[in-house]
Structures are given as C-alpha cells and as structure tokens.
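Chains as they are written, first to last, in this note's numbering: chain A, 1 to 403; chain B, 404 to 806; chain C, 807 to 1209; chain D, 1210 to 1612. No residue lacks a Cβ here, since even glycine has one placed at the ideal position from N, Cα and C.
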C-alpha cells in the first residue's frame, strides 16, 4: 500500500491555508519539522496504518495567479511564519505542485471574491453552470490519471462565499441536477466543486463556512456515487475554545449572561469577511453552538474585523459574564493569539488522512460524522461539545484498528 | 423521607467557605435565590430524589470566635457579595446554626493557623491526641442526637495545613490508632477530624488541600465503620480551567511549552497560604494534573499571592505558550475573576447532597470516586480530565435513578 | 462666602450620571464617603477656596419620570454600586432635590431618545423652538430665585443625540437666534439647553458628546452674556487611557500600526448608543486624538456594544499593535473594568467647583480651556495629551491661588 | 565633524542587548531598516546635529566567548527576531566589531554570573582590584587610539549583579581609591567599569540595575576627570508603563489599593535574575516609583520569572486595583508583549548619541539628568513621571539647538 500515490486537490489552491498545508506537507516529506498540530500523529491513531506523508501529491483549483513560493514568501514576510531555510529546501516540491493548479470558477462567489480574481479564470466567465461543472470534474479526473493516483481527496479551503437563497436546501439531487442543466439557478461555487468531486469519484471535505456539500441533494449524490464527504468550517480558534469552555459552564450550572467575542486579523480571509454579506455566513457558524451546549440563549456578540497589521495572526478576545451562587456576577476573559493558517493547515492534512483511511476500508459512502470535532458546524452529528465529538473519532479509530 | 433531618458538620465552621455555604443554604431554604452554581440542581440529577434544602441543619468545629452574622457582614463589606436584604431575612436561621458550633483543635496546624485562634479552643491545647479525638467525635455524635438527625456529613472547609511527614501514608489503621493512643506522632488535625467523623458513623468530605482522609489507614477505617469519604481540594477556579483546557491542547497535538499561572486574592485562606509551608500543599495540588493530561511535563509555575484589597475575589492570570504546526509558537491567556467562597460553597452543598444520596442507598462504604470532578486531587480515580470525571458522576446518577 | 448657596442644574437629571453625582454629593455633604475620584480634592487645589459640598443644591431637566431614590436603587440592584446604608441616610436630601426637577425637551433628540420619554415632557411636544427656549430659561431662573442662589451651573449629562447638519457651525449668534425665532431650523436640544443656561446668566458645562455649546454662535453668546462654558464629552475611561498611553508610543518612536478598542456596557447610555446614528457622535469623539498625538494615522477601530448584563460597568479591551526597533511587531493589550457613572460623577462635581471658582473671580467669560483634561473633545485647546492638559489646570490653579 | 569616528564600548559586549544594539547599528549604517524605536530620530531632535550612524565603531568587554554572528543567529532562532537577509548583509561589519572585544572581569559579580563565564576571562581571576582597573582602563584607551576615535562612550549592558554592602555609598573618591589599592574591599564590577571609563576620559552610561556610577565617589571622579555619566536601569517595558499610568491615577485621585506585576521571560538576563540575590536589585528598581508618584504606598508585588520558552520575549501582566468615587473598587489590567533586547537596544543608541552631543558641547561634566526618561532609577532628578522626565530632554534639546 505505502507506495501508492494519493491526490490532494485543494479549492483555493494558492490561498493562505492551502499554501501552509502544502508547505507543511513538503516539510514533513523531508522530515524538516516535528508533527505538532497534527491530530492524526497522536499515539491513539498510531495503529491505523494511515497514509505516509510521502504518498501525497497536490493539485487544485484557484482564481488568482501566483505560486506556492510567492505565497509562502508573502506569509513569511507579513506574518513571521516559516523558516527561510525550510522554504529553500522545499522549493522544488512546491514548483511541481504549482504545475497541477487549474483555474476554478467565479460562479456566484459574489463581488468581493470576484474582485480578487485574475489570470486564466477570467476566460471562463461566460460558461454555463453545466459547462463549469464538466470542466471542474475533468480537471480532477485528469489529475488522478496523470499521476496514477489511488484516490483523490478534494478539500475546499477557499474564501467564504455570501450566503445563498434557502431554496437549494429543499431540492433533491434530481431537481438540483435539472436546474444546473437549465442554467437558471444560482448554484454556489462551493456546491459545484463538491458535485465535481463526487462525480469524479473523489472524497470531499468542506473546510469553509460556505454551504458546499451540506445539502440533502449532495448527500443523495454521495450515496449514488459511493463517495465520502464532510464539513463545514474548520474549528481552529475561538469557536474551538467555545466548544471546550461552554460545557464547563453548563456542567457547573454557572449561568452565562453574555458571551462577547471580538476577533481581529489581517489575511485575505479577513478582507473577504470585511464584506458584511460574506461575514454573515461566518458569524452564524461561530455563534449557534453556545445555545446548543448551554440549553438557553445568553446574549452573544461575535465580531470579526480586518486589521491589516495583524497579517495571518488572529487575536480573539472573549468576555464571558456569568452568574454563580447567590446570583453573584463573575467574569472570565481570554485572549487567543494564533496564526490562522498554521492552526488550519494541520487539520486539513488530518482530514485528508482520516478520509483516505475511511475510503480504504471500502464500501463507505456519505457523511463522515466521526470527523465532527474538526468543524464549527459539523455535519452528521448533533453533539456540540468538543470532547464528545472527539470521543466519536476515538471510537472510529478503535473500530478501524480492530479490522 | 423528605421530613427527615440531615446534619451538615463543617470543619472551619465560621470561615469564608462555610459562612457562604450556610448563607446560601438559608437563602435556598427561604427561596430567596436561584440555584445557580449548584451542580446537583442540574436537570440530569432531577430524578435522584436528592435531599431538599429544608432538611438540613448546620453545626461544626471552629478555632475562632465569631458568628455567621458577623462573618457574612464582613464578606459583604470587604467583597461586595450577598444582598443586605437577604442577610436580614436569614438572620434568625444563622443564629440557630451558630449555637451548634464547638471548638475544634489546633493540633499540628502550624504557627500561621494557630496565630488566628482565639476563645474557647485555647482551653484544649494541652489535650493528648486521644483526648482530642474523643472530644471531636463526641461533638458530632451529640449534634446528631440532639437534633434527631438521620445522618451527618462532616465537611472540612478549614484553612490549608502545612504538609506532614510522609510516614503516615505507609501506616495501617491499627498502626495509626496505636500512635494516636501513644500520643507521640504528629497526626494532622485534618486527619483527626476525618477519623472523628468515621468513628461517629458520619460521611466525610475533605474540601481542603490538607491530607485529611487521603490515607490508606483512613480507607481501612471507612471500610470497618461502613462510612463514606472523598476528597481532596475543591476544584473551583484556575485548576478547573486547567482540567478543561489541557485536554484541548492534548487532543489537538499542540505542544505546551510553558503554563504559567498567577493567582491573587485577599481572604483568610490567602493569608494562610502566604506562609510558604502551607502554600506548598496547595501549589502541588494545582500543578500535577498538566503532566497527567498532556503526557509530558511542560515548564509550569503557579504562584498564589495574598493581596489584601482583593478580599474574597480571586483573580488568576494564566499564560499558556504552545507550539503549533511547523513549530510556530502561539499564546493563550486567560483571566478568571471569581469570588472564591461563592464558587466553593455550592460545590460543598452538592457534595453533601450527593454523599447523603449515596449513603441512603445503603451498604456503601469507602471512597466515592464518582465525585472526582469536584476535586483538584481527586481520590479514587486516575482520570484528570474534567469531562471524563463528570461522566463518572452522570453514570452514577443513572445507576441510582434506575434503583 | 461659605454660607452662600450654589445651584447645580443637571440636564438628564435622573439619568445614571446625574443620579450618581447627586448620590455622591449627598454622601459628601454628610461625610459618609472619602473624596476618592475627585480631582478638586487633590492637595494641589487645596489653596483655591473651592466651594464646600454643603453649599450645593440640585435641580434639573429630565424627559422621564422617576426619582433619585428609584434610580439609585436601580443602579444598586443592577450594578452592585452604592451601600444600602448610604442610600438610607441620604433619602431625605434626594427627595428635596427631586422636587426641583422639571420637564426638558425632546426637540431633535432623535427617535431612540424620544422612545424613552414619558410623563409631563410629552405635553410640550408642540412647542415652537422659541417657546421651548423661553421655558427652559425660565426654569433655571426660577430655580435660582426660589433658592436664593449665588450662581447656577448647568451641566448636560443626558444621552448622546444624533449628529446634526453642519450648517449650524457656520452661523453667527444673530443668525442662529433668527432661525430659532423662525422655527424652521433643527436646533439640537443640547444647544437649546446651552442657550437657556447662558441667557439665564448661568455657566454651562457640556459633559456629553452632543454638540451643545461647541459652536461659534454660542461662544459669541457667552461673551455677550458674560457667561462661562466648556465641553465636550467627559473623558472617563478608554479615551482617558488613550490620551495617557499614546504619548508614550510617540515619545519612544514606537510605530503604532493599529489600535483596536472594543467597549461593552449595559446602561441606558449603552442602549442609546446601540442606535448607530447616536453612536457615530461618540465614536468620532473617541478616535480623533490618536492621530493628533501620534502625528500619523494608524488603523483604528472603536466599537461600543450594548451588553445588558454589564449594567453600569463598562469593560474596554484595547489591542495596540506597534513596531519597535528593526521593525519588530509587539503588542500591548489592556482591559479597563470601570463603573461608568462612578467615573463620570466626580468629574461633574469637579467641573462644577472649578467653574464656580472661575465665575467667582469675576469678569470672566467664554470657553474655559483650562478644564480640557476633563474632556474627550476639549474646547479651547489643541493639546491632546492628558498630561499637557492637566498642566493647564495646575497653572490656572496657581494663578487663582495667587490672586 | 561628520567624518570623525566615535567609539561605543559595551560592557557585556556579546549579550542580548549588546548584540541587538550592534545588529541594529550595522543595519542602520546600511540603511536596511527604518528608525522605529529610536527617540533620537524623532523630529524634535532633528536640529541637534546628532552623530550619524556611519560614525560609530564598536568594541567592549565580555566574560564569555562567542561572536556577534553566533549571538544574533541564536536570538533569531529562539525568539524569531531579525531578518535572515539582514544578518547576511551585515556579517562583515559584525566580524570587525568582534575583533575589538576584550575579556572583562568577574570581580564580585556573584556565583550565577561567574558560572556563565568561559574563555580568556578566566585567566584574570587572580588579579588584584587595582590590576583589573588598570587593565580595563587600558583596553578602552587602546580602542580609542587604535581607531583614532574622537570620543568613546562606555555603556554597561551586562547582567545584573547581586547588591553590595551599603558602605560604598558613604565613601569619598579618595577613600574608594585607597580601598581599591589596598585590595580588601568588594568593589562591584559595574563600579570598576565606570571608574575605568572615567579614567580613560570616556563618558559612561549604566543601563543596568547594578550600582555602577550611582555613587557620590563616582560623581566626584566625574567632576575631577571632566567626564559625563548617567544611569540606572534602562526603562523599557513594565516600569515605563508604570511611570506613564501612575500619574493618571494620581491626577484623577483614584486610590490605588494594590498594583501587582508579573513578568515572564526567557533570555540570559532572566536566568541571572532567577538567582534571588541578583533579582532583589531589579525588583527594587521596578517598585519604588509608585510611591513617589502616588504620594502613598499601595500594596505592590513584582515578580520576575524565568520561563525558557519565551526566549527574548517578555510578557508582563499588571493588575491594578483601585477605588473610585464612593469607594467603588475597579480594575485595570494590561499585558505587554515586547521583545526585551529590541526595546532596549534603540535606547542604548539614543543614550550614546545624546551623550556624545553633550560631550561635544564642551566643558560638561557629571550626571546628565536630562536623560532621566531612559531609566527606571534615574540619576540627577527626583521626577518619577515619564512625561516630566521627557520634558527635561526636550528642554535640553532646545538649549543645544540654540547654541
């Protein structure tokens, strides 16, 4: 098995998360870095025979023209991440991965994302939805064939789309497919990418807040095509902490009166979220779990602000105002100073390895609920507590190890 | 059942935690306050037929002379806790409880605690250990008989003793009993109180960092006397958060390089902990769990400082320095501004109710490991993660509810 | 002198700041509290022969119906401020002050403030501007005569108005007066109150962000009427800190890249500021001084959010991202947990005492620039640094003391 | 003037502060970095004709064997400071400066510092004080002659010594000189370096908390030798903030009840300060100014802890508990995340430029009080407020500019 090649196909291939994922992968392939941040490298998953770093090859869709080298140098400059010496040593690998990147689509991504686009992608702005879908699907299939890949996992790590009309949530796959053919329905790009993945026989992971595969129609398609999928919105920082801390307040019967979270950061994601329409998708994803965990709705406020000087570093300040015994008000505050892409990237690699392992079991299709601990709005589970979600992963690992 | 009376016997009966426990109990008996902070009032424990607030009567041992009214007024003044109107309404109840308080013992409590003592307790400084033990036991027995109590739960909420020699940990109950009779061995006061409780047929809860019943000899005695016990060191603030947050760093494979915690507070406990000997007991209790949860030892530092102006309010500042993907250093900081006695008091009431319920099942004796989520150094379990400890409580509750 | 009576006329007389000012004044008159928070009680102002607390009598304009007792009890309840025993002792004084409160005006205060109004003020909604002005002026004059007051200082401590058109800034007093008579120009309520004060021969202090007397026309009127005035927007918390800290960054040549400030609070002011129109006045007032002090414009962000559970407590979190030597990015963060009304009220009393002392010098009129350290947007000075503003006050004090 | 060479002689020449100073100087000489952090580069000092970066040549005393390149690479590695590309470009300059470094002395530096020593300095451990002094003086004189320097400024940036007996403070220069000759008195190394500087005709700046030139005997010697000197303990972080913030609490009459400061950092200085004897010198220097500024003594606590993972980054957490109006307790907290060496180094360069300028005026000798804003325990002034200290510098600059 270990000499089989596995494909990683990244939507938003030269973005911050993708670039960090690829930089990290290349560094891991050369043994240049410890495995910190990688859940799949924990001892409890050692017996799973997960894929080795050396097996992975990267390609993807992108709407801008740049390169891994340039994008990584930019992150190094603005955010003081990566060692210069590491970037030198992996330059050749990054160049090979660059050659696998293809133009994506701007269909229904909204004006803010569209304004960032340049290069080849602009040639395809007159495509019909059906043409776009066919092209995207073909790109993935070509990648698999060209590199003789055992399997391809398609991961969406692109910028957050504006929310779409709710109509799509009520459609069956047949209805959605008909609308795509008719060309008169605003199918989100994230959903087109997911369909392309499934139709190409690939697994699909939606790491973004965009709707992607989180639709009844797509679950139907996954079952039809025998493909795996999961999402939505990688849980890397403030929301991770909410899913950790809120159970404490619940279990100790401390009455959370208000929970305020202010987030500042300065990367491209921040710029896109500065558009209030795109932001609304994100804020919702960060906010709902408190009510689910606590069983009541405290006053909440989540702000996400673009502060250019922060670069890829996100600082969250949370202020939790709660009542203890005899109604006494008390306060917990935390600040979280994390580097967004470096928190996200190892989770992307973990999701790829766990998904590949699930695919290798054979005869698996549909939503992978055991991966819910990785997501802010996890599909396939209604457990909002992080530790209960993590239990699902450990139980899955025990099952797989026992096979 | 619900008209049977239950006794609460508090060691350190007029201290901050005890005063707050009693104030809260009296307020609950009159329906003057919501049940926030009380774990036993959570929905998942509603089916247990726990004792009603109206059933409880309070007494205890103390080494200073004051009263609940005075101690509560002092807390109100220095720390802005309790409503004046509440204190007025419960004055009569507090006075009744005052009349059940008896002089404790200063045996081996160290010079700092001894310097706080006044009044009747000073008459007993020439007692032999055996005399002290007999007196303490008789006090509890008298309390039970006088008020016709179904059961008495003895809870130690007194100040932290200095640590004792380790020899006591290797003694059997027969050996320890012989040494008490011989009178030439430094038995800690907290252990004498625990023995008194067990010999009086009471359950015993050690809410302090002192050694108390956390000894093989005492477990032996508990089995002999058919009594229940548990401890050690109520988990109210910074350590609670450690047991919540450290699993996140472990599960996400984030490498904790250092975890620094500075605590400032200004109550009597703080004054006692300003003595470095007494403090060493406490700091150990706050520090060991990180290594247990993480599986390696980061650099840690815990400081506890007495800052008079804080009164009963404790502020903890924690600085967690960790490495993520590609070795990138990141920082989480939190501050916790909680009122120490008001965080502790409801847990004392919870422990009493759960212990009483366990006693009521019949034929139960020894350490109550299912209560480990309440303690910094829990007895009867080796699970350091809060959520796993809380699972034990929920499993116990399901068993009891099913009986 | 010391038996002469002095009048304090508060606009927003039963609001949080006014209620706290009056509660504090009454407590000071009875010697129930130390003089903390009062600048005028500092040693460097001891030689000025400032008015004694016993000399002051309070009245004012208000748009809601309540009483000092009720408003103070409400603050005590929601925000844990004031001692119950203090409130009991000053009840009689508060009642007397209640009887001097008259209905204000809703002219051009915007829908959010209007929605809070009730009672007698609603009778006057059909007045012309000239009628309103005459009524407000007469109220002040009546207050002075009825109580035989040597002087009345009118202080605006009402909620923030929405900003008005800029046209009013270019008017002379004659033009503005004509427009008031014509009744076809939206004169802000805060300006009407200021005109009423001056026409009644009173001094005027604008403690709010509303425009009030900060107009060329009003300075003209002050000179004509020989009255004193000053403003704008009391500097109590986050902005005070900005005016203290920004000079350090400037003097050390540390390059402030971004300065983010998030403010949360839950009093009536907060509710009014939840209206974005009213808020814009406030945010501007908090933001401009950074550019003035630093000499360049860093990216700034000021948010003010209404979080009900906070009551009168305001928490500000500021994140300052700056570059030091060799371009190295560093961070300072602070949190400020202050009680808004209790920070503002002593400054109101200070402004009254200093203004009264300036009036007593005789032959003084116009803007009192020496009071600029009290304001976010000080009139009569272009020095944004707090310590330079405070120097002005000390120099004035030396002059007055030397007379 | 601008082609004359000026010598910088650093005590602790390869330490963190010195290495950063030299790295920064070399980068400034090549125009590789903006002048952020340099006070002397502010507009208000533009008219002083200060020395140009190109004029400076570096040498110094050191007790360890390493090199600027190695020391800078180490800082880059452990603390993520400096650009790799900058280090490459200045490598040649650093090598030249390395060749001017000479062995210092271990006389009375205490066991912690002695344990760090290696190499050539160990040859001199049997010297008498007089021999050491002669050697150190000759090193400075040789440096001046060899490079044909117009003036040499000796700056002590070495680790903190343990405090010495107070006897030295009461000695005249004649008495101290006699004792050095007799060889039976523990003269601190920092004082020997200062004497050597003055006897070599150099100016002396003591940037450390060690006693150095802060002695009546040394001021006498400065007057005799016509040399300039100043000190003590560069004010870079937490104490700078205290000298900025405490005046606000004083001017607003807010009663500071307690001020707690916890500092964590991981550089060599931190290791030395982990020795409680060395630390006591430092803590005193950080603590006294609060009482001076406030006029009363709040409870204070300053802790400095060595946390290895922090590298050169120092994080301070300060908790200020104060009472406002009506005795209401409020809290300000701040965290300061600064890179110690990068905060100190530009101040070292500023002190050198300002000192050289003062020397160039001619006929100046003794303590330079106008530089007090740079020090925690400034010599030659009793003004503890930063803004008043900075006023002294601006006044001096106006005088010099006017010459």
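Taking C-beta separations shorter than 7 Å and ignoring five residues to either side along the sequence, the partners of residue 1356(D) in its chain run 1214, 1216, 1266, following chain order. 742(B) is the residue among 742(B), 633(B), 632(B) whose C-alpha sits nearest the C-alpha of residue 672(B). Distance from residue 82(A) to residue 71(A) at the Cβ level is roughly 11 Å; contact not present, criterion being Cβ atoms closer than 8 Å. At a cut-off of 9 Å between C-beta atoms, residue 738(B) counts as an interface residue with respect to chain C.
Under the three-state reduction of DSSP output, residue 875(C) falls in the helix class. In chain order, 721 place their CB closer than 6 Å to the CB of residue 737(B), counting only its own chain and leaving out the 5 sequence neighbours on each side. A Cβ-Cβ separation of about 6 Å places residue 996(C) in contact with residue 967(C) under the 8 Å criterion.
Contact with chain A is found for residue 485(B), since one of that chain's Cβ atoms lies less than 9 Å from the residue's Cβ. Taking C-beta atoms as the reference points, residue 1413(D) and residue 1467(D) fail to come closer than 9 Å.
Three or more beta-carbon pairs drawn from the segment 557 to 572 of chain B and the segment 413 to 424 of chain B are found closer than 8 Å, and the two stretches are therefore classed as touching. At the C-beta level, residue 504(B) and residue 440(B) stay beyond 9 Å of one another. Under the DSSP definition of a beta bridge, residue 1070(C) partners with 1111(C), 1121(C).
Taking 9 Å as the CB threshold, residue 1123(C) lines the interface with chain A. Across the segment 702 to 713 of chain B, CB contacts with chain D closer than 7 Å involve 702, 704, 706, 708, 710, 711, 712, 713, in sequence order along the chain. With distances taken between CA atoms, residue 539(B) lies nearest to 508(B) out of 616(B), 659(B), 508(B), 554(B). Non-local beta-carbon contacts of residue 1227(D) in its own chain, meaning distances under 6 Å to residues more than five positions away in sequence, involve 1219, 1221, 1366 in chain order. Per DSSP, the continuous alpha helix (DSSP H) segment holding residue 622(B) begins and ends at 619 to 628.
Within chain D, the C-beta atoms nearer than 7 Å to that of residue 667(B) come from 1469, 1528, in chain order. Counting the other Cβ atoms within 10 Å of the Cβ of residue 1231(D) gives 16 or more, which makes it buried. Going by DSSP, residue 1382(D) is part of the alpha helix (DSSP H) stretching over 1382 to 1391.
Between residue 831(C) and residue 78(A), the alpha-carbon positions lie close to 54 Å from each other. Every beta strand (DSSP E) stretch that sits fully inside the segment 1130 to 1155 of chain C and reaches 3 residues is listed by chain position as 1135 to 1145. Nearest to residue 933(C) by C-alpha distance, out of 914(C), 921(C), 905(C), 918(C), is 914(C). Spanning the alpha carbons of residue 495(B) and residue 617(B) requires a straight line of approximately 37 Å. Of 1165(C), 1185(C), 1171(C), 1030(C), the smallest CA-CA separation from residue 956(C) is found for 1165(C). When the five nearest sequence neighbours on each side are left out, the beta carbons in the same chain lying within less than 7 Å of the beta carbon of residue 797(B) are those of 447, in order along the chain. Look at the segment 1445 to 1457 of chain D: the residues with a C-beta under 8 Å from a C-beta of chain C are 1449, 1450, 1453, 1454, 1456, 1457. Rounded to whole angstroms, the separation of the alpha carbons of residue 859(C) and residue 1072(C) is 30 Å. If you ignore the 5 residues before and after residue 619(B), its C-beta comes within less than 6 Å of no other C-beta in its own chain.
Here residue 1336(D) carries a coil assignment [DSSP, helix/strand/coil]. DSSP, reduced to helix, strand and coil, places residue 394(A) within a helical segment of the structure shown. Using a CB distance cut-off of 9 Å, residue 1137(C) counts as an interface residue toward chain A. Residues of the same chain with a CB within less than 7 Å of the CB of residue 219(A), apart from the 5 flanking positions on each side, are 366, 367 in chain order. With fewer than 16 other Cβ atoms from the protein chains shown falling within 10 Å of its own Cβ, residue 401(A) counts as exposed. Setting aside the 5 residues that flank it on each side, residue 28(A) is surrounded in the same chain by 53, each with a C-beta closer than 6 Å to its C-beta; the list follows chain order.
Chain D places no beta carbon closer than 9 Å to that of residue 99(A), leaving this residue out of the contacts.
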